[in-house]
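Report on the following structure.
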Amino acid sequence: MSSTIEECHFIVALTPEQLQGLLHQADTASRHLYCTFMSTTLPKDLLHQVNVSHIASLSFSDGHTLYPSPIDHCA
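Taking the working numbering, the leading residue of the sequence shown gets 100, the next gets one more, and so forth.
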């Protein structure tokens, strides 16, 4: 049995405001975020931030999941 604990790749956001704060943190890159609120309450400006973020996915309490497209900065 290993004596190390693997870092969790899953983060919970309780509100759209909390999600916005998480999207600006570098340590959320490649992580899966879960929102306890419904996808229909996500403001459009925050949806844009999600789409350009480096998170792996964003799931909502209503079952919807967003997978931001990787951005190719070399194109």
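For glycine and all other residues, C-beta sits at the position ideal for the given N, C-alpha and C.
Bear in mind the structure is a predicted one, so any value in this text is a computation, not a measurement.
According to the DSSP secondary-structure assignment, S129 is paired through a beta bridge with no residue. Within a 10 Å sphere around the beta-carbon of T114 sit fewer than 16 other beta-carbons, which makes this residue exposed. Cβ contact annotation for Q119 (same chain, cutoff 8 Å, sequence separation greater than five): L145 and Q148, in chain order. Under the three-state reduction of DSSP output, L165 falls in the strand class. Non-local beta-carbon contacts of A128 in its own chain, meaning distances under 6 Å to residues more than five positions away in sequence, involve H153 in chain order.
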